[in-house]
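Residue 11 in numbering that gives the first Met the number 0 sits at position 12 of the sequence shown, and the numbers go up by one each step.
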Amino acid sequence: MKVSRVTAWGSVPETLTVAALPPPSPSQLQVRILAAGLPRVVRLRAARQHPSALHATLPFDPSIDGVGVDEATGTKYFIGAMAAPLFAEHANVERSHLVPLPSDTNPITLAGLANPVTSSWMALQHRVTGGCAGRTVAIIGATCASGRAAALVARILGARRVVGVSRNKDSLATVAGLDDAVVLDEQTLTLERPIGPVSIVLDYVGGKTSVAMMESLEIEPGQNLQYVQSGNLSGTDVMALPVVVLNKRPIYLMSSGIGSFSHEDLKAEMPALVGAIARMKPPFEILGVKMEDLGRFWGEGSRGGKMVVVP
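Structure below.
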């Protein structure tokens, strides 16, 4: 069986030939992999720079989730986070980690959307108190893949108003699902104009930008600003947040990602989440990459879109 594995931490996964899988256990289903997601977290896992890979050993499959098919029935399934090594031609997956899909599901599209959609979906459903229905959601870094997905997710989950914030005016104009788009000045970290009262922030940038937003955003009267730090495009490991900001403003600061909600929470959301993805028009380009071609694309990142691995 052909697989792709990291053989040295921080290196590009290599395509290898290994023995065929054993028969699945009674609680498992063997599926043929149609597509596996390649979000940034996969690269972090491959470099052993993500908490989920700290105790991993080599050779290592850094995959997160994907789409497979039961060759006996033709049924397609979404395969949940870290349920099995998916950079492979086949996988034995616990049935509890499988979500049946409509027969017309495009596996490449679903695999490319799964991680960015899950980011905002879980943040709004399980990190934010009371959800986003009827509230104003601001997305910092709205032009990145996860930010673009977040705009659609907030709309699906009933947000009253969705505001996108980014440094790039032209790119911001292409983000679907926004009620308003406001440019952030890269030098002063100020908004070109006020965006009005905000209840929830999904921040994919981090660093000094996050601090500036917490200091300046208008908060919905009588509410706490629920500030979700979902990403770190700034690459800043430490966010210098003055204590006075939290002392003088009603802000709840929280994270969202693997470890900030339970596996049971994620499993419970998967049917609705996957159903939403299946109906969603992709907000960015999704490119399928063969396992043997990973070396040519590995260092490129998403460039505003997403890549998925196709065995």
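Don't be surprised by glycine CBs; every beta carbon is placed ideally from N, CA and C.
Reduced DSSP secondary structure (H/G/I, E/B, other) of residue i
i: Phe283; result: coil
i: Val204; result: coil
i: Leu109; result: helix
i: Ala158; result: strand
i: Leu190; result: strand
i: Leu293; result: helix
i: Val244; result: helix
i: Ile63; result: coil
i: Ser301; result: The pLDDT assigned to Ser301 is 49, lower than 50, so where the model puts this residue is not dependable; a value taken from the coordinates is nonetheless given after this. Here Ser301 sits in coil by DSSP.
i: Leu37; result: coil
i: Pro310; result: coil
i: Pro84; result: coil
i: Thr117; result: helix
i: Pro270; result: helix
i: Ala132; result: strand
i: Val210; result: helix
i: Val288; result: strand
Same chain only: Cβ atoms within 7 Å of residue i, ignoring 5 sequence neighbours per side
i: Pro23; result: Gln29, Asn91
i: Arg44; result: Ser51, Ala52, Pro61
i: Ala180; result: Gly163, Leu171, Ala172, Val174
i: Glu268; result: Trp120, Met121, Gln124
i: Thr104; result: Lys75, Ala277
i: Thr235; result: Gly205, Gly206
i: Ser259; result: Arg126
i: Met238; result: Gly205, Gly206, Ser209, Val210
i: Gly36; result: Ile63, Asp64, Gly65, Ala110, Gly111, Ala113, Asn114, Val307
Close Cβ partners of residue i (< 6 Å) along its chain, the five nearest in sequence each way excluded
i: Ser301; result: For Ser301, the predicted structure reports a pLDDT of 49, less than 50, and the residue's modelled location is therefore unreliable. The matter cannot be settled from this model.
i: Ser233; result: Val204, Gly205, Gly206
i: Ala34; result: Gly65, Val66, Pro106, Ile107, Ala110, Val307, Val309
i: Ala149; result: Ser119, Ile138, Leu201
i: Ala82; result: Val92, His96
i: Gln225; result: Val127, Ile199, Tyr251
i: Thr14; result: Ser3, Met290, Glu291
Given residue i as reference, the closest of the options once Cα atoms are compared
i: Thr72; options: Arg47, Glu88, Ile250, Ser102; result: Ser102
i: Gly65; options: Ala55, Thr108, Ala239; result: Thr108
i: Pro282; options: Arg192, Pro270, Arg31, Pro115; result: Pro115
i: Val197; options: Glu191, Leu188, Leu216, Glu185; result: Leu216
i: Asp184; options: Asp178, Leu240, Lys168; result: Lys168
i: Asp69; options: Arg295, His89, Pro249; result: His89
i: Met213; options: Thr235, Val182, Lys247, Gly230; result: Lys247
i: Pro249; options: Gly221, Cys131, Trp297; result: Gly221
i: Met0; options: Glu263, Pro21, Ile78; result: Pro21
i: Ile199; options: Tyr251, Arg94, Asn231; result: Tyr251
i: Trp297; options: Arg31, Leu15, Ile32, Arg39; result: Arg39
i: Ala158; options: Leu177, Arg166, Cys131; result: Cys131
i: Gly256; options: Asn231, Val242, Pro12, Met238; result: Asn231
i: Gly129; options: Asn223, Thr208, Leu100; result: Asn223
i: Thr208; options: Gly258, Leu177, Thr14, Arg166; result: Arg166
i: Gly176; options: Gly195, Thr142, Ser261, Arg42; result: Thr142
i: Phe7; options: Thr16, Arg42, Pro25; result: For the record, residue 7 in the displayed sequence is Ala; it is not Phe. Minimum Cα distance to Ala7 is reached at Arg42.
Residues sharing a beta bridge with residue i, DSSP
i: Val30; result: Ala90
i: Gln225; result: Ile199, Tyr251
i: Ser3; result: Thr14
i: Ile218; result: Val197
i: Ala180; result: Gly163
i: Ile78; result: Gly65, Leu97
Cβ-Cβ distance between residue i and residue j below 7 Å
i: Pro310; j: Met290; result: yes
i: Arg160; j: Thr187; result: no
i: Val273; j: Val152; result: no
i: Ala113; j: Ser229; result: no
i: Ala80; j: Ile63; result: yes
i: Val2; j: Phe59; result: no
i: Gly9; j: Ala55; result: no
i: Val227; j: Arg126; result: yes
i: Lys305; j: Ile276; result: no
i: Glu93; j: Gln27; result: yes
i: Val210; j: Leu245; result: no
i: Gly133; j: Gly140; result: no
i: Gln85; j: Ile32; result: A small correction: the amino acid at residue 85 is Leu; Gln does not occupy that position in the sequence shown. Yes, the Cβ-Cβ distance between Leu85 and Ile32 is below 7 Å.
i: Pro190; j: Pro12; result: Checking the displayed sequence, the identity of residue 190 turns out to be Leu instead of Pro. Not in contact: Leu190 and Pro12 (Cβ atoms no closer than 7 Å).
i: Phe77; j: Leu100; result: yes
Neighbourhood of residue i by C-beta, 8 Å cutoff - its chain only, sequence neighbours within 5 removed
i: Ala18; result: Met0
i: Leu265; result: Gly79, Ala80, Thr117, Met121
i: Pro193; result: Glu217
i: Pro270; result: Val98
Beta carbon proximity, residue i to chain B, threshold 7 Å
i: Glu13; result: Among the chains in the structure shown there is no chain B, since it carries only a single protein chain.
Any non-hydrogen atom of the ligand ADP within 6 Å of residue i CB
i: Gly146; result: Because no ligand of any kind appears in the structure shown, any question about the ligand ADP cannot be addressed here.
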